[in-house]
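Right, one structure below, let's go through it.
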Amino acid sequence: MRTMLVTGGAGFIGANFVHLTRSRHPEDHIIVLDKLTYAGNRDSLAGAEVEFLEGDVCDAALVDAAVSRADAVIHFAAESHNDNSLRDPRPFVDTNVVGTFTILEAVRRHETRLHHISTDEVFGDLALDDPARFTETTPYQPSSPYSATKAGSDHLVRAWVRSFGVTATISNCSNNYGPYQHIEKFIPRQITNILDGRTPKLYGTGEQVRDWIHVDDHNAAVHLILEQGRIGETYNIGADNDHVDNKRVMELICELMDAPGYEHVADRPGHDQRYAMDSTKLRTELGWAPRYTDTDTGMRAGLEQTIAWYRDNEAWWRPAKEQVEAGYAERGQ
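Here the sequence shown is numbered in this note's numbering, starting from 49 and rising by one per residue.
Okay, structure coming up:
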């Protein structure tokens, strides 16, 4: 039996990781540390046996006590919404930078294995007609407070590996979708709009491209890196959906939900154009492959599964819907 500390385990990707871990390793003891901000939901862990600690990753005493009992730490905890980072960057500095520093100091003291979850947004963006993909050696060019603070957290992890011998790995993943994702995010917002009888909304022209990956594929890769990844290494995670623009994703959602159409709304300031991940290293070294890939087969199946989850779990998303839509309406979105 292992004891695993999952920071941010009541958030979107973290909660799905907990459920996947519980199904794969029912014998493991899972400690979830989550601050339960608006993006964290205790109900996302329903049905998963965990030890839950409500608290902040910046709380050094709390983090140290939790890490001291863990064989491995999987660090999901992060402020992650670009729009929010543009309105108030401070929480992003606190959680993403100071919180990661706090985790690093604790794993250094207790010689605990760490896997740090990051994002493709640290690399900046690519032109829509650029055939290149981000690799593990692509220079960082973050374009928002969110991506800048995640870039900073990645650099801290690498420095602690080199300077202090911390046993850590990093993964940079493309945009996730799936169950338990907060409805402020693009895909669940459109799904819940349609379920709610609202017209779905598309930022600008919808030409932006994201390498959409189902959260289960992401977390399967994290498990593989945790078990077989080389210490000190970074692995990119992407599903090869980088030919799918947001307009196409919107059209798929509308098609799958029999929605009559959508409307264009104001674009987001500094909206990155294209993300594309080269996950060759992960695929060749560790033998990983995504299940939900290619827009007309895998991603369609992933969206069908995601739509079904939101349809069946209205009680989970309903309480936040009015407030989220009111906030977007104020911004003309």
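For every residue, glycine included, the Cβ atom is placed at its ideal position computed from N, Cα and C.
Check, Outcome
"Rounded to whole angstroms, what's the CA-CA distance from residue 346 to residue 271? Just pull it up for me.", "21 Å"
"For residue 279, does the three-state DSSP call read helix, strand or coil?", "coil"
"Would you say residue 50 and residue 119 are within 9 Å of each other, going by their C-beta atoms?", "yes"
"Exposed or buried, residue 314, counting other C-beta atoms within 10 Å across all chains shown (16 or more means buried)?", "exposed"
"Given a cut-off of 9 Å on the beta-carbon distance, is the pair residue 124 and residue 65 in contact?", "yes"
"Counting pairs of Cβ atoms below 8 Å between the region 256-274 and the region 219-226, do you hit three or more?", "yes"
"Within a Cβ cutoff of 6 Å, which residues of the same chain sit near residue 161, ignoring the five residues on either side of it in sequence?", "120, 215"
"Work out the CA separation of residue 344 and residue 68 for me, nearest whole Å.", "25 Å"
"What residues in its chain sit with their C-beta under 8 Å from that of residue 106, if we drop five residues either side in the sequence?", "142, 143, 146, 147, 150"
"Among all the DSSP beta bridges, which residues are the ones paired with residue 249?", "311"
"Residue range of the alpha helix (DSSP H) that residue 171 falls in?", "It is not in any alpha helix (DSSP H) - residue 171 carries neither H nor E in the DSSP assignment."
"Look at the alpha carbon of residue 209 and the alpha carbon of residue 238, and state the distance between them as a whole number of angstroms.", "41 Å"
"Check each candidate in 219, 369, 190 and name the one with the smallest Cα separation from residue 286.", "219"
"Are the Cβ atoms of residue 319 and residue 376 separated by less than 9 Å?", "no"
"Specify the secondary structure class of residue 302 as computed by DSSP and reduced to three states.", "helix"
"Could you check what DSSP says for residue 94 in three-state terms: helix, strand or coil?", "coil"
"Give the range of the beta strand (DSSP E) segment to which residue 223 is assigned.", "Per DSSP, residue 223 belongs to no beta strand (DSSP E) and is neither H nor E."
"Counting only the same chain and skipping the five closest in sequence on each side, list residues whose C-beta sits under 6 Å from that of residue 122.", "54, 163"
"Within 10 Å of its beta-carbon, does residue 95 have 16 or more other beta-carbons around it, so buried, or fewer, so exposed?", "exposed"
"Hey, how far is the Cα of residue 241 from the Cα of residue 312?", "14 Å"
"DSSP state of residue 322, grouped into three classes?", "strand"
"Are at least three pairs of beta-carbons, each pair with one atom in the region 317-333 and one in the region 171-191, less than 8 Å apart?", "yes"
"Just curious, the beta strand (DSSP E) that residue 287 is in, first and last residue?", "Per DSSP, residue 287 belongs to no beta strand (DSSP E) and is neither H nor E."
"Using the Cα positions of residue 372 and residue 109, report the straight-line distance between them to the nearest angstrom.", "34 Å"
"Is it buried or exposed for residue 317, if we count other Cβ within 10 angstroms and need 16 for buried?", "exposed"
"For residue 60, count the other beta carbons within 10 Å of its own beta carbon; 16 or more makes it buried, fewer makes it exposed. Which is it?", "buried"
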